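Residue numbers (this note's numbering), protein chains in the order written: chain A, 1 to 433; chain B, 434 to 590.
Heads up, the thing below is written out as structure tokens.
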Ligand SMILES: Cc1cc2nc3c(=O)[nH]c(=O)nc-3n(C[C@H](O)[C@H](O)[C@H](O)COP(=O)(O)O)c2cc1C
Ligand code: SF4
Ligand code: FES
């Protein structure tokens, strides 16, 4: 097999890769120019649909299909929002893409904007990324100076402005409708759907929210063609390059680019150098903290693409792979994540607000050695109350307004079900009597 | 009312008004600018910004209180934010917090008496591959150890 050549991170380590001069020398903005001057919106949508590009923000929804939901010839303006909130624990790829090649992302935004008829696009970037926000402002100014953004771009009659908008520290603003509320200057409370953002999003106008990495794929799809893109990876259903984030107990944590469908074992043992300090693998969280963990024996032969990870009972999500070695205390790890979710629940839905608080309290009691045997069933009951009876494949129409409910319920449940003995070992002796 | 943006920020405000299609959407940008200038979001800031945004102070307060980055009380000159979420925790974030806490005799959430340092435990900073991470004001300090964070703090104090 030919060795895979990185696509999205090709110029990662080259000096000056973030400047427009570098980007233009490396054929930058060729695809955007083509999209603006030679293609109409329908052609771009068809090309991206044909490529099979699935959103990289977590849900894996086909990008071209999402764009097609935008009403044609809408009287209202349409908006594109680039989701650069990067707040899912275990995920740190978008920061890299922005730092090293902001123009690739801006080019993707120009293409997506043309596809949906957007003339004002936003980058919603997490508030803590102060440097990245400044860097993007600089990159945008470079584009304006080169007639790549602003009025009549590439000499056409197409106008496009891009605004960098900083968040202010709230995980839930990564959820697209929470993000839209936040952009409108409100608390980031997710909206009840429908209406979906494509019909009523920012300022009640048709809106598309796409992840940074999703957008970065677009220039390559237009340059090389949908058929080329489809061939990358293990499955034609879930193709393309992917950035995998490895953290936790590996030798070399970091972001690695490989095709979708790369074996999880290859990522852990070849790319990230295996488990650190000669320890053993215990479990893996494959797709950011919202993805249920898999035990070491469950990852054998596991292909990292959307359908395969789902079939294994978890999800590819943001491909934030957190590796847990045999020294990790699963009760502490579960408590850590429950605490995260309790802190980040937006508080709108009672099952989520109260349930996450309960889970944290029960797990705190456990870690303090004051657990009770019935607590284990209570944990399962609470998770069921927050996010039970839901099938991910059908989207989120569960007990809560947004998928955050499942994002906490499923992982906590997996910890308890898969490592029950560790939880029991925390029980005080009298609790077992 | 005693709060007003300084000259460069007033200019920036006017530019933002032209960029955005809607006034209330300026809430987060204006709050960031005001906090940069004043150090925290005081009552006067709230009242002045509410007027600029053409919303009631209560509506703006509702927004402000939702976001962890907006401080309603003054914080230390250096805001030491240690990520405590899973990847950082596995990489030894607790040792880093304990070290800072012991050095300045601070519990998370507290500020030193001279107003120089505030210690906070925060959630995932989106940099888990270089855990543990400490954010000090606008900058990330990555792959921290007790030694390294000690050296960083020496330079500040
Ligand atoms: C709780 C929660 C947090 C999310 N956080 C992020 C995030 O930080 N970044 C992101 O791109 N998508 C995030 N998403 C997914 C977005 O809602 C949305 O699906 C995505 O941005 C769409 O872009 P895509 O189609 O290009 O993947 C989150 C979803 C949920 C439910
Ligand atoms: S599920 Fe949780 S985070 Fe989502 S809207 Fe309800 S309370 Fe908010
Ligand atoms: S867990 Fe600390 S940066 Fe993500």
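We put the beta carbon where it would ideally sit given N, CA and C, even for glycine.
The structure presented is a predicted model; accordingly, all values stated were derived computationally and were not measured.
Q: Anything in chain B within Cβ reach of residue 293/A, meaning under 9 Å, just list it in chain order.
A: By Cβ distance, chain B contributes nothing, its closest Cβ being about 11 Å from residue 293/A, past 9 Å.
Q) Going by DSSP, which residues form a beta bridge with residue 469/B? A) According to DSSP, residue 469/B bridges with nothing at all.
(Q) Following a CB-centred definition, is residue 190/A positioned closer than 7 Å to any heavy atom of ligand 3? (A) no
Q: Specify, as a first and last residue, the run of the alpha helix (DSSP H) that residue 320/A falls within.
A: Counting along the chain, residue 320/A falls outside any alpha helix (DSSP H), though it belongs to the beta strand (DSSP E) covering 320-325.
Q.
Would residue 395/A pass as an interface residue toward chain B - the criterion being a Cβ-Cβ separation below 8 Å?
A. In this prediction, residue 395/A scores a pLDDT of 47, lower than 50, which makes its location untrustworthy; no coordinate-derived value is stated.
Q: Note down, in chain order, all residues in the region 327-354 of chain A with a beta-carbon under 7 Å from any beta-carbon belonging to chain B.
A: 328, 333, 336, 337, 340, 343, 344
Q: Report whether the distance from the Cβ of residue 217/A to the nearest heavy atom of ligand 1 is below 7 Å.
A: no
Q: Verify the CB distance criterion: does residue 97/A have a CB-CB separation below 8 Å to chain B?
A: no
Q. How many angstroms separate the CA atom of residue 367/A from the CA atom of residue 333/A?
A. 10 Å
Q: Report buried or exposed for residue 228/A, applying the criterion of at least 16 other Cβ atoms within 10 angstroms of its Cβ.
A: exposed
Q) Is it true that the CB of residue 342/A sits closer than 8 Å to the CB of residue 360/A? A) yes
Q: For residue 91/A, go through chain B and note every residue whose CB falls closer than 9 Å to its CB, in chain order.
A: 557, 559, 561
Q. Under 7 Å Cβ-Cβ, which residues of chain A neighbour residue 584/B?
A. Here the premise fails: no neighbours, minimum Cβ distance about 21 Å.
Q: Give me the Cα-Cα distance between residue 238/A and residue 260/A, rounded to the nearest whole angstrom.
A: 7 Å
Q.
How far does the beta strand (DSSP E) with residue 402/A in it extend, from its first residue to its last?
A. Per DSSP, residue 402/A belongs to no beta strand (DSSP E) and is neither H nor E.
Q. In the DSSP assignment, what residue or residues form a beta bridge with residue 121/A?
A. 80/A, 162/A
(Q) Can you find the residues in the same chain that come closer than 6 Å, C-beta to C-beta, to residue 57/A, ignoring five residues on each side of it along the sequence? (A) 83, 211
Q.
Does the beta-carbon of residue 413/A, which I'm using as the reference point, lie nearer than 7 Å to any heavy atom of ligand 2?
A. no
Q: Kindly list, in the order they appear in chain A, the residues whose Cβ is closer than 9 Å to that of residue 490/B.
A: Under the 9 Å cutoff, chain A gives no residues; its nearest Cβ is about 14 Å from residue 490/B.
Q: State the beta-bridge partners of residue 258/A as determined by DSSP.
A: 242/A
Q.
Less than 8 Å between the C-beta atoms of residue 509/B and residue 551/B, yes or no?
A. yes
Q. What number of angstroms, rounded off, separates the C-alpha of residue 393/A from the C-alpha of residue 291/A?
A. Summary for residue 393/A: the model assigns pLDDT 48, below 50, so the residue's position carries little reliability, and this model does not support an answer.
Q.
When you compare the CB positions of residue 458/B and residue 179/A, do they come within less than 8 Å of one another, or not?
A. no
Q | Same chain only: Cβ atoms within 7 Å of residue 299/A, ignoring 5 sequence neighbours per side | A | 264, 265, 284
(Q) Looking only at its chain, what residues have a beta carbon closer than 8 Å to the beta carbon of residue 79/A, apart from the 5 residues adjacent to it on each side? (A) 118, 120, 121, 122, 201, 202, 203, 205, 206, 207, 208
Q: For my contact list, residue 275/A and residue 325/A are in at a C-beta cut-off of 8 Å; report their separation, rounded to the angstrom.
A: 5 Å
Q.
In whole angstroms, give me the CA-to-CA distance for residue 529/B and residue 578/B.
A. 6 Å
(Q) By the 7 Å beta-carbon criterion, what residues does the region 501-513 of chain B contribute toward chain A? (A) 501, 502, 503
Q. First and last residue of the beta strand (DSSP E) that includes residue 177/A?
A. Taken as a continuous stretch (DSSP letters only), residue 177/A belongs to no beta strand (DSSP E), being part of the alpha helix (DSSP H) at 176-183.
Q: With residue 61/A as the anchor, note down where its alpha helix (DSSP H) starts and where it stops.
A: Taken as a continuous stretch (DSSP letters only), residue 61/A belongs to no alpha helix (DSSP H), as it is neither H nor E.
Q. With respect to 7 Å, is the separation between the Cβ of residue 318/A and the closest non-hydrogen atom of ligand 3 below this value?
A. no
Q: Starting from the N-terminal side, write out each stretch of the alpha helix (DSSP H) that is 4 residues or longer and does not extend beyond the region 469-514 of chain B.
A: 476-486, 490-497
Q.
I want to know whether the region 435-448 of chain B touches the region 406-425 of chain A - three or more CB-CB distances under 8 Å.
A. no
Q: Report buried or exposed for residue 69/A, applying the criterion of at least 16 other Cβ atoms within 10 angstroms of its Cβ.
A: exposed
Q) Quick one: is residue 475/B near chain A, going by C-beta distance under 8 Å? A) no
Q) Roughly how many angstroms separate the alpha carbons of residue 141/A and residue 158/A, rounded to a whole number? A) 18 Å
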